Amino acid sequence: MKETIFQTESVTQSRPIERLVAGQATTDGAGVNLIRVLTQPLQQRLDPFLMLDAFGSDDPDDYIAGFPDHPHRGFETVTYMIAGRMLHRDSAGHEGLIETGGVQWMTAGSGLVHSEIPQQAQGRMEGFQLWLNLPAREKMIPPWYRNFTANELPRFRTEAGVAVTVIAGVTHGVTGAVTRETTAPLFLDLHLPAGARFEQALPIEQNAFIYVYRGAVGIAGQSVPSQRMAILANDAHTDGVAIEAAEEARVLLIAGHPLREPIAQHGPFVMNTMQEIQQAVRDYSAGRLA
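Here it is as structure tokens:
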């Protein structure tokens with residue numbers, strides 16, 4: 001584990017919870033069972049984030065078929081593996097095995113075709129995939145890919161004992177594996193022992209949410225149970241968020257700067273206009289993404 005020295009970060013008044021969201025059970029790929037936590041109706045509210053899927057099962061029938069070849073254009077995908085092994089291959093020539101604790105960051109940009117196939121026939125497969133939008137001027141940039149092992153991700157432990165994995169952004173003086181200038185995404189995995197408190201400063205213009213995947217936490221006097229997303233209010237009188245755990249808990253904290261641009265989505269393509277979507281479909285049909 002790569003541990004990094006951190007600086008203390010404090011919050012004077014925490015953002016309150018605007019609302020709690022229960023994800024929707026669905027299937028994707030070749031029949032992978034998952035929970036869609038951040039759905040399409042929430043895209044404008046949680047701009048620049050487009051989707052968050054949570055998957056987790058001990059039953060191979062829930063995940064074994066994986067996600068065979070499929071296209072993407074116009075955004076980035078971030079896959080965080082809590083348990084299991086998944087092999088990525090794409091038409092830009094990238095390949096990588098993401099294993100327990102690792103992260104795969106892919107910029108689809110102008111477009112590619114890729115697959116994500118489990119590399120196990122038994123055991124637990126658990127993780128998350130986050131979709132991060134690209135600004136209009138960057139939607140057609142060349143595809144990019146990077147695989148980070150668990151040991152390559154910056155980590156630190158607070159004085160309260162909270163173990164923090166910094167996937168993206170900057171927190172407590174620690175810079176994550178990936179940074180982005182325009183959307184400034186913050187993506188943290190927090191492991192809070194019982195009785196611990198974690199504080200994170202957040203610019204008021206940033207949209208932010210948490211997802212509790214173990215235990216339960218409290219924010220501004222309101223409880224957030226397991227398997228719930230809490231959208232944090234953009235309250236002008238607040239300067240961040242304070243998360244408190246009465247019991248041991250594991251939480252994703254995600255925030256980013258909104259693009260405030262039109263969002264046009266058709267399945268795996270996310271552009272700004274329907275004309276651009278139609279062009280993406282034509283390009284894929286003509287084999288120009290492969």
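Under UniProt numbering, the first residue of the sequence shown is numbered 1, with each subsequent residue one higher. Using N, Cα and C, we set each Cβ at its ideal position, and we do this for glycine too. As the structure is a prediction and not an experimental result, all values here were calculated from the model.
Euclidean distance between Cα positions of residue i and residue j
| i | j | result |
| --- | --- | --- |
| threonine 39 | proline 203 | 24 Å |
| phenylalanine 67 | histidine 114 | 9 Å |
| threonine 107 | alanine 168 | 14 Å |
| glycine 84 | glutamate 126 | 6 Å |
| isoleucine 64 | arginine 137 | 37 Å |
| methionine 1 | serine 10 | Confidence at methionine 1 is low in this model, with a pLDDT of 49, below 50, so the placement of that residue is unreliable and no value is reported for it. |
| asparagine 272 | proline 262 | 5 Å |
| isoleucine 117 | valine 178 | 24 Å |
| serine 57 | glutamate 205 | 36 Å |
| phenylalanine 128 | aspartate 53 | 5 Å |
| valine 103 | tyrosine 284 | 27 Å |
| asparagine 33 | threonine 26 | 6 Å |
| histidine 88 | leucine 97 | 6 Å |
| valine 217 | arginine 146 | 32 Å |
| proline 60 | methionine 51 | 24 Å |
| leucine 132 | tryptophan 144 | 14 Å |
| asparagine 207 | valine 164 | 20 Å |
| glutamate 76 | glutamate 181 | 14 Å |
| tyrosine 213 | threonine 149 | 21 Å |
| residue 291 | tyrosine 211 | In the structure displayed, the chain extends from 1 to 290; residue 291 sits before or after that span and is not available. |
| glutamine 122 | histidine 94 | 26 Å |
Which of helix, strand or coil DSSP assigns to residue i
| i | result |
| --- | --- |
| arginine 282 | helix |
| arginine 137 | helix |
| leucine 42 | helix |
| alanine 216 | coil |
| proline 60 | helix |
| alanine 177 | coil |
| glutamate 276 | helix |
| alanine 150 | helix |
| valine 21 | strand |
| arginine 124 | coil |
| methionine 1 | At methionine 1, the pLDDT of 49 sits below 50, so the modelled position is not reliable and the matter cannot be decided from this model. |
| aspartate 90 | strand |
| glutamate 244 | strand |
| isoleucine 98 | strand |
| glutamine 227 | coil |
| isoleucine 210 | strand |
| valine 32 | strand |
| threonine 27 | strand |
| residue 350 | Residue 350 lies beyond the range of the chain shown here (1 to 290); nothing can be said about it. |
| serine 10 | coil |
Terminal residues of the beta strand (DSSP E) in which residue i lies
| i | result |
| --- | --- |
| leucine 52 | 49–57 |
| proline 68 | 67–72 |
| arginine 157 | 155–157 |
| valine 113 | 112–118 |
| valine 251 | 249–256 |
| alanine 264 | 264–266 |
| threonine 79 | 75–83 |
| serine 223 | 222–224 |
| alanine 168 | 163–168 |
| glutamate 199 | 197–201 |
| valine 270 | 269–271 |
| leucine 188 | 186–192 |
| threonine 183 | Neither: threonine 183 is in no beta strand (DSSP E) and is coded neither H nor E. |
| glycine 104 | One point to set straight first is that residue 104 is glutamine, not glycine, in the sequence displayed. Counting along the chain, the beta strand (DSSP E) containing glutamine 104 begins and ends at 103–107. |
Under 8 Å between C-beta atoms of residue i and residue j
| i | j | result |
| --- | --- | --- |
| arginine 228 | leucine 190 | no |
| valine 78 | leucine 130 | yes |
| isoleucine 35 | glutamine 24 | yes |
| leucine 259 | aspartate 47 | yes |
| alanine 255 | leucine 186 | yes |
| phenylalanine 198 | isoleucine 141 | no |
| valine 188 | threonine 171 | The sequence as given places leucine at residue 188; valine does not occur at that position. For leucine 188 and threonine 171, yes; Cβs fall inside 8 Å. |
| glycine 161 | glutamine 200 | no |
| lysine 139 | glycine 74 | yes |
| threonine 175 | histidine 257 | no |
| alanine 264 | glutamate 276 | yes |
Check: residue i C-beta below 7 Å from any heavy atom of the ligand FMN
| i | result |
| --- | --- |
| leucine 253 | As far as ligands go, the structure on display features none, and thus does not contain the ligand FMN. |
Residue-chain proximity (residue i, chain D), Cβ-Cβ < 8 Å
| i | result |
| --- | --- |
| asparagine 151 | Going by chain labels, chain D is absent from the structure shown, which holds only one protein chain. |
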